[in-house]
Amino acid sequence: MRHGEVHNPDGVLYGRKAGYHLSDLGRRMADRVAEHLAERDVTHVVASPLERAQETATPIAKAHGLDLATDERLIEAANVFEGKTFGVGDGALRKPANWKHLTNPFRPSWGEPYIEQVVRMMRALDAAKDAARGHEAVCVSHQLPIWIVRSFVEKRRLWHDPRRRQCTLASLTTFTYRGDKIVSVGYSEPARDLVPAHLLAGAKPVKGGAKAFGA
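Per my numbering, residue -8 is the first one in the sequence shown, and the count goes up by one each step.
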């Protein structure tokens, strides 16, 4: 699961920085997904250590009477632009000093290598599968690592257009195992009606507004 919307009025690319919490809308998203999953056979709930993921996972764990576990491997991808604004026409890309970080979109040159994200996310998924074997687990993470591990499992290239990621706020990307092998991948958006239109997959960015919500 991807976390809900974050309170980020300055449009900062917060990455792994501490102190970024769910907005009121983000908490509604988390509650919606908790309700959606209430009747599922969930026996393990685990989240990235970042506040927005922990706060998203908490109502899900509570609904099932479970303690919330933390897995560092579910954390957001590292990014050299962390702490900077990254909006349309008004962010870090306008500064020539940052262009050196944009030389290789295939690795990528501006952050944690895609393949390293795959390795840690697959290990996190395997650990959750083992913890809930025969049942279901919920892992709360972040858009890029979720999309990258899904792309790997579905045998797509890892480099991509970020605007085309199918991983909306509070969405569920489901990996079904048979034994120790992933046999199918699913996707759903239980809180889609709560997601601002410009943050849906394929939407056009809004200049100067909500630049980094939900990163």
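All residues carry an ideal CB built from backbone N, CA and C; glycine is no exception. Since the model is a prediction, treat every value here as computed from it, not as a measurement.
Limits of the unbroken alpha helix (DSSP H) element including residue i
i, result
"Lys146", "Looking at the DSSP string, Lys146 is not in any alpha helix (DSSP H), and its letter there is neither H nor E."
"Leu116", "Tyr105 to Ala122"
"His27", "Asp15 to His27"
"Ala68", "Looking at the DSSP string, Ala68 is not in any alpha helix (DSSP H), and its letter there is neither H nor E."
"Glu42", "Glu42 to Ala54"
Rounded distance between the beta-carbons of residue j and residue i, thought under 8 angstroms
i, j, result
"Leu13", "Val(-3)", "6 angstroms"
"Ala60", "Gly102", "26 angstroms between Cβ atoms; not a contact."
"Met112", "Val129", "No, Met112 and Val129 are not in contact; Cβ-Cβ is about 15 angstroms, not under 8 angstroms."
"Gly(-5)", "Thr47", "5 angstroms"
"Arg23", "Leu185", "7 angstroms"
Cβ neighbour criterion (16 or more within 10 Å) applied to residue i
i, result
"Ala192", "exposed"
"Ala29", "exposed"
"Ser175", "exposed"
"Lys75", "buried"
"Ala44", "buried"
"Arg124", "exposed"
"Gly17", "buried"
For residue i, the residue or residues it bridges with in DSSP
i, result
"Cys130", "Val37"
"Val3", "Thr76"
"Ala(-7)", "For the record, residue -7 in the displayed sequence is Arg; it is not Ala. Ser132, per the DSSP bridge assignment."
"Gly102", "Asn70"
Beta-carbon gap between residue i and residue j smaller than 9 angstroms
i, j, result
"His151", "Glu67", "no"
"Ser162", "Arg19", "no"
"Asp62", "Ala25", "no"
"Glu145", "Thr159", "no"
"Leu41", "Arg7", "yes"
"Thr49", "Ala9", "no"
Residue i, enclosing beta strand (DSSP E) - first and last residue
i, result
"Leu59", "Leu59 to Thr61"
"Ile173", "Lys172 to Ser179"
"Leu163", "Leu163 to Arg169"
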